[in-house]
Amino acid sequence: MTAPALARLRWNERAAGVTDSTRWLGTIMLAPAVVYIALVVAVPFLMAIGYSFSSVTIGTSTPRFVGLENFKDALEDPAFLKSLGNTAIFSLVSQTLVIVLASILAIALQRKFRGKWLVRLLILLPWVAPISLGSIGWLWIFDPVYSVINWTLRHVGIFGPDTWPIWLGQPNLAMASIIGVHVWRTLPLATIISLGGLSSIPQDIHDAAEVDGAGFFRHLFVITLPLVLPILLVAVLFGLVFSITDMIVVYVLTRGGPFDSTQVLASLAFFKSIDGGDLSGGAAVALFLLPVLAVCAVLLLRIARRAEVV
Amino acid sequence: MATVETRALRKEFTGHTTAVDGVDLVINEGEFLVLLGPSGCGKTTLLRMIAGLETQTSGDILIGGRVVNELPPRARKIAMVFQSYALYPHLSVASNIAFPLKAQGAPRNSIAGEVERAAKMFGIERLLQRKPRQLSGGERQRVALARAMVRHPDVFLLDEPLSNLDAKLRNLARDELKQFQRRLGTTTIYVTHDQVEAMGLGDRIAVMSGGKVRQLGPPQDVYDEPADTFVAGFLGSPPMNLVHVDGVLVGFRPEQLLPPSAVSGDGSGPTVPMRFAVERVEHLGAGRLLYGTLPDLAPNDKIIVSLAYTVHSTIEAGHAYDFRVHQSNLKFFDPESGLRVPARPLPARRSA
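For the protein sequence lines, the chains are V and A, in the order given. Residues 0 to 309 in numbering that gives the first Met the number 0 are what the first sequence spells out, letter by letter. Residues 0 to 351 in numbering that gives the first Met the number 0 are what the second sequence spells out, letter by letter.
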């Protein structure tokens, strides 16, 4: 730039404005998120708490306060107790599977191999597919008459002519099926989180372990997994909360059946309040695990913060 | 204890960059060899290949006379200290030091004793229960050294182990390191870009650049008799002055051009006069740095002269003085290839 051109440049002498102020700029940037959460999460949440202590149904306009009546009713309802147990089985079994599988996948994906991008894409696919579409796909796979699983297993000779399981129609199989589908759809996120944790371990640490003479399993169980544990805990936290509060898989595949054998709290709350009209009863069911979830979240976050990845 | 040998060792990375370009080295038993060079010269890649952390594109590596090309790091009987120390952050100091022993399958009841012994050697007994993050930089470095020596490796590989320490600590750590190595007598290969460390620690120095070893020899030899202009310019602070005189590069160290009163005339050979025009004087406490040119010999080349505080001559910027340098201190290089050429007489002093 020539000297005259430089001379024409002006210093920006405008006084400090809103965008110069950390306080105001911060407030403005945060506002959309806060408003969104307040309207879509906080208000319905507070309404649900209100409902759970009242006698409100879809038809009433003047609900009255009934105290803990709804919670007492729920506890005396066999369907509720069954759902509570199902929720525990569904969440714990699926997330245990997810964590083990996600760790294995993440460790495999850390290595270099041909076609890695394709494997990565395939693993991510269940996460990017709309869950209702994915579940409907599974509905076909589990179809009582045309099940592609049964067809395949019979043709390769594993199933005899008399074996034809009804995946979604037999209580234990139905539970196994929804757990399978849930694992299928939550595995990608857990894998990505674990992969992030793994790549945050400096290469020097791996090199040191190698030079120090660690074999594959010592390296994995004494160095890699403990270092990635805090991140894995975050994945578990997400997975558990997600599993306990989710109902799409159950809703699409089994509607809670057969005989409530796959009913979970989230789906029960939905059927009770929306299909059955019992808003207060549904709210009580939905809020039942709130303390458990809160404790779970606080605990895991504390562990995650205390542990350190280098 | 073992010798280490590399034969025509090459490493190419994808993208056709050659990190190490045909290195032949023989490191003797118990020797302390320093690989010295600027960043990107291939010294760390060379060390990592010897460790087995990188696979060479071609060439052989021998440890103790045995070809180890195909062996994983754990089978090479080596120990390595990393620039970051690479301590296992979730393990206590004791567990860090015990890790190689456990991995080796050392008997359980002997481990505690070995850890104790290693800790004592580096004066870190009271830190055994701490986690790495609770340690200072110097303490971490000692833990890394203790972890490396605890299982009596044949070869120590050290990758810039002092560069994360502050300057004060570094001198102390350098001295300690050298003493440990002397006492243990373990063959050691030490990578650094710091010429002071290289001069101070090495039994021999291999100066590297562009993936090649430019010169290999004892520190004083490499300093006094650089093989080419790269070595001449890399060693020494300030580096060797290189001036163009009649189609040849003439080099001399900044501390070798002196006022006549400071030049020793005690039969250490003839001296050569040089007119030195001083442009600036820096007072550094322990001495003076003079910046200027040689108007008669090479008016276009800047040179630096370093005077010890024992030289009391009055020197002022803007004046020219008659300085002298020992004939034997002048080194000659080919300006094209940068390689040393035989000494020759300087042209007679031109009239100014």
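Quick reminder that beta carbons are idealized off the backbone N, C-alpha and C, glycines included.
Check: What residues from chain A crowd round V:Arg217, counting only those whose CB sits closer than 7 Å?
Finding: Counted from its first residue, the first sequence places residue 217 of chain V at position 218. Neighbourhood of V:Arg217 in chain A, by CB distance below 7 Å: Ala102, in chain order.
Notebook entry, point to check: With a cut-off of 8 Å, do at least 3 Cβ pairs link the segment 121–130 of chain V to the segment 197–213 of chain V?
Noted result: Too few Cβ pairs lie closer than 8 Å, so no.
Margin query: When you compare the CB positions of A:Phe31 and A:Tyr222, do they come within less than 9 Å of one another, or not?
Written below: On the second sequence, position 32 is the one that residue 31 of chain A refers to. On the second sequence, position 223 is the one that residue 222 of chain A refers to. Their beta carbons are not under 9 Å apart, which means A:Phe31 does not touch A:Tyr222 by this criterion.
Check: Can you tell me whether A:Asp165 is buried or exposed, with buried defined as 16 or more other CB within 10 angstroms of its CB?
Finding: Numbered from its first residue, the second sequence carries residue 165 of chain A at position 166. Burial call: exposed.
Next item on the list: Could you round the C-beta distance between A:Val195 and A:Val230 to whole angstroms and report it? I think they count as a contact, below 8 Å.
Entry: In the second sequence, counting from the first residue as 1, residue 195 of chain A sits at position 196. In the second sequence, counting from the first residue as 1, residue 230 of chain A sits at position 231. About 15 Å separates the CB atoms of A:Val195 and A:Val230; that is not less than 8 Å, and the two are not in contact.
Item checked: Proximal residues to A:Leu241 (C-beta, below 8 Å), its chain only, five neighbours per side dropped -> The residue given as residue 241 of chain A occupies position 242 in the second sequence. Taken in chain order, the residues that qualify are Thr228, Ala231, Gly232, Leu248, Val249, Gly250, Asp300, Phe332.
Next item on the list: Tell me whether V:Val180 sits in a helix, a strand or coil according to DSSP, three-state version.
Entry: Within the first sequence, the letter at position 181 stands for residue 180 of chain V. DSSP places V:Val180 in helix when its eight states are reduced to three.
Item checked: A:Val80 vs A:Leu144 beta-carbon contact at 9 Å -> Position 81 of the second sequence, counting from 1, holds the residue named residue 80 of chain A. Position 145 of the second sequence, counting from 1, holds the residue named residue 144 of chain A. Using a Cβ distance threshold of 9 Å, A:Val80 and A:Leu144 count as a contacting pair.
Next item on the list: Please determine, among V:Trp163, V:Gly159, V:Gly133, the residue with the shortest C-alpha to C-alpha distance to V:Val147.
Entry: Here the question's residue 147 of chain V lines up with position 148 in the first sequence. Here the closest residue by C-alpha is V:Trp163.
Check: So is V:Val221 in contact with chain A if we call contact Cβ pairs under 9 Å?
Finding: Counting from one through the first sequence, the residue named residue 221 of chain V turns up at place 222. Yes - at least one Cβ of chain A is within 9 Å of the one on V:Val221.
Notebook entry, point to check: Does the Cβ of A:Phe275 lie closer than 8 Å to at least one heavy atom of the ligand ADP?
Noted result: The ligand ADP is absent from the structure shown, which contains no ligands of any kind.
Next item on the list: Please classify A:Lys167: is it buried, with 16 or more other beta-carbons within 10 angstroms of its beta-carbon, or exposed?
Entry: Position 168 of the second sequence, counted from the first residue, corresponds to residue 167 of chain A. Per the 10 Å Cβ criterion, exposed.
Note to self: Taking 9 Å as the threshold (C-beta atoms), are A:Pro259 and A:Met239 in contact?
What the structure shows: For the purposes of this step, residue 239 of chain A is identified with residue 240 of the second sequence, where counting begins at 1. For the purposes of this step, residue 259 of chain A is identified with residue 260 of the second sequence, where counting begins at 1. In this structure, A:Pro259 does not lie closer than 9 Å to A:Met239 by Cβ.
Next item on the list: Please state whether DSSP places V:Gly310 in a helix, a strand or coil.
Entry: As displayed, chain V neither begins before 0 nor continues past 309, which places residue 310 of chain V out of reach and without an answer.
Check: With a cut-off of 9 Å, does the C-beta of V:Val210 fall near any C-beta of chain A?
Finding: Mapped onto the first sequence, residue 210 of chain V falls at position 211. Yes, its Cβ sits closer than 9 Å to a Cβ of chain A.
Margin query: Please confirm whether A:His89 has its beta-carbon closer than 9 Å to some beta-carbon of chain C.
Written below: Absent from the structure: chain C. Protein chains present are V and A.
Next item on the list: Take the Cβ of V:Ser60 as the centre, count every other Cβ of all protein chains shown within 10 Å, and call the residue buried at 16 or more, exposed below.
Entry: Working through the first sequence from its first residue, we reach residue 60 of chain V at position 61. Label assigned to V:Ser60: exposed.
Item checked: Sequence-distant residues of the same chain with beta carbon closer than 7 Å to V:Lys271, five excluded per side -> The count along the first sequence starts at 1 and reaches residue 271 of chain V at position 272. The answer, listed in chain order, is Asp277, Gly280, Gly281, Val284.
Margin query: Using a Cβ-Cβ distance cut-off of 9 Å, determine whether V:Ile204 contacts chain A.
Written below: Here residue 204 of chain V refers to the residue found at position 205 of the first sequence. Cβ-Cβ to chain A under 9 Å: yes for V:Ile204.
Item checked: the segment 192–212 of chain V / the segment 48–61 of chain A touching (three or more Cβ pairs under 8 Å) -> By the criterion of at least three beta-carbon pairs nearer than 8 Å, the segment 192–212 of chain V is in contact with the segment 48–61 of chain A.
Checklist line | Delimiting residues of the beta strand (DSSP E) encompassing A:Lys211 | finding: Translated into the one-based positions of the second sequence, residue 211 of chain A becomes position 212. For A:Lys211, the enclosing beta strand (DSSP E) covers residues 211–216.
Next item on the list: Indicate whether at least one CB of chain V lies closer than 9 Å to the CB of A:Gln82.
Entry: Numbered from 1 along the second sequence, position 83 holds the residue referred to as residue 82 of chain A. Closer than 9 Å to some Cβ of chain V, the Cβ of A:Gln82 qualifies, so yes.
Item checked: C-beta atoms of A:Ala111 and A:Val92 nearer than 9 Å -> The residue labelled residue 111 of chain A in the question sits at position 112 within the second sequence. The residue labelled residue 92 of chain A in the question sits at position 93 within the second sequence. No; because the gap between Cβ atoms is not below 9 Å, this pair is not in contact.
Note to self: Buried or exposed, going by whether 16 or more other CB atoms sit within 10 Å of the CB of V:His205?
What the structure shows: Here residue 205 of chain V refers to the residue found at position 206 when the first sequence is read from its first residue. So V:His205 counts as buried.
Item checked: Proximity test, Cβ basis, 9 Å: V:Leu310 and chain A -> Residue 310 of chain V falls outside the range modelled here, since chain V spans only 0 to 309, and no answer is possible.
Check: If we count the other Cβ atoms within 10 Å of its Cβ and call it buried at 16 or more, is A:Lys42 buried or exposed?
Finding: As a working note, residue 42 of chain A is residue 43 in the second sequence. When all chains shown are included, A:Lys42 counts as buried.
Next item on the list: Out of V:Gly275, V:Gln202, V:Leu45, state which residue places its alpha-carbon closest to the alpha-carbon of V:Ala110.
Entry: As a position in the first sequence, residue 110 of chain V is number 111, starting the count at 1. Before going further, note that residue 110 of chain V is Arg rather than Ala in the sequence given. Nearest neighbour of V:Arg110 by Cα position, chosen from V:Gly275, V:Gln202, V:Leu45, turns out to be V:Gln202.
Checklist line | Whole beta strand (DSSP E) elements within the segment 99–170 of chain A, 3-residue minimum | finding: Qualifying beta strand (DSSP E) stretches, in chain order: 154–158.
Note to self: Between A:Ala285 and chain V, is the shortest Cβ-Cβ distance under 9 Å, so that the two count as touching?
What the structure shows: As a working mapping, residue 285 of chain A is identified with position 286 in the second sequence. Closer than 9 Å: no.
Item checked: Simplified DSSP assignment, three categories, for V:Leu300 -> Translated into the one-based positions of the first sequence, residue 300 of chain V becomes position 301. The answer is helix: DSSP assigns V:Leu300 an H, G or I state.
Notebook entry, point to check: Mind checking if V:Val309 is an interface residue toward chain A, Cβ cutoff 9 Å exclusive?
Noted result: Residue 309 of chain V sits at position 310 when you count from the first residue of the first sequence. With a pLDDT of 41 at V:Val309, under the threshold of 50, the predicted position of this residue should be treated as unreliable, and no value is reported.
Notebook entry, point to check: Just reading off the beta strand (DSSP E) that V:Tyr145 is part of, what are its end residues?
Noted result: By one-based count along the first sequence, residue 145 of chain V stands at place 146. For V:Tyr145, there is no enclosing beta strand (DSSP E), as DSSP gives it neither H nor E.
Next item on the list: Please name the residues in the segment 246–258 of chain V whose beta-carbon is closer than 7 Å to at least one beta-carbon of chain A, in chain order.
Entry: Residues of the segment 246–258 of chain V with a C-beta less than 7 Å from any C-beta of chain A: none at all.
Notebook entry, point to check: Which whole-angstrom value is the C-beta distance of A:Val310 and A:Leu256, which I expect to be below 8 Å?
Noted result: One-based indexing of the second sequence puts residue 310 of chain A at position 311. One-based indexing of the second sequence puts residue 256 of chain A at position 257. Contact between A:Val310 and A:Leu256 fails: their C-beta atoms lie close to 11 Å from each other, not under 8 Å.
Checklist line | Cutoff 6 Å; reference A:Ile96; Cβ partners in own chain excluding five residues on either side | finding: Here residue 96 of chain A is taken as the residue at index 97 of the second sequence, counted from 1. The residues Val114, Ala117, Ala145, Arg146, Val149, in chain order, have a CB closer than 6 Å to that of A:Ile96 in the same chain once the five nearest residues on each side in sequence are set aside.
Checklist line | Whether A:Pro160 touches A:Arg132 by CB criterion (9 Å) | finding: In the second sequence, residue 160 of chain A corresponds to position 161, counting from 1. In the second sequence, residue 132 of chain A corresponds to position 133, counting from 1. The answer is no: Cβ separation not under 9 Å.
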